[in-house]
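Asks: Residue numbers (my numbering): 40 to 146. We put the beta carbon where it would ideally sit given N, CA and C, even for glycine.
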């Protein structure tokens with residue numbers, strides 16, 4: 040297991056042990072984290088993707104190369120979803136918590 044894999048596993052263990060409504064799930068065949076039935080973060084190709092909401096400003100978190108999640112060729116990016124590469128993985132834990140908070144706030 041390499042460093043990004045281990046970090047995702049550590050974040051998953053922490054969040055699932057702290058909140059009984061957080062569980063392991065899948066999004067786009069990749070391992071992820073769910074709150075109730077909604078995925079709020081997932082790990083794919085040594086990056087993590089987070090559901091942070093349309094008002095999230097990456098610059099406020101010191102992120103320099105955030106990309107919108109755009110899994111479809113002929114559709115626009117998913118609103119409020121961001122890809123954070125492994126070289127900014129020091130922010131993954133905080134962003135996981137922010138994504139969980141955002142997902143909890145959705146009615």
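Is residue 89 closer than 9 angstroms to residue 143 when the C-beta atoms are compared?
Replies: No, they are not a contact pair.
Asks: Which of the three DSSP states is assigned to residue 90 in this structure?
Replies: Three-state result, residue 90: strand.
Asks: Taking all protein chains shown into account, decide if residue 80 is buried (16 or more other Cβ within 10 angstroms of its Cβ) or exposed.
Replies: That one is buried.
Asks: What first and last residue would you give for the beta strand (DSSP E) that runs through residue 72?
Replies: Here the beta strand (DSSP E) through residue 72 covers 69-74.
Asks: Look at the Cβ atom of residue 102, then the Cβ atom of residue 130, and state whether they are nearer than 9 angstroms.
Replies: Against a cut-off of 9 angstroms, the Cβ pair of residue 130 and residue 102 comes out as a contact.
Asks: List the endpoints of the continuous beta strand (DSSP E) containing residue 65.
Replies: Note, residue 65: beta strand (DSSP E), 61-66.
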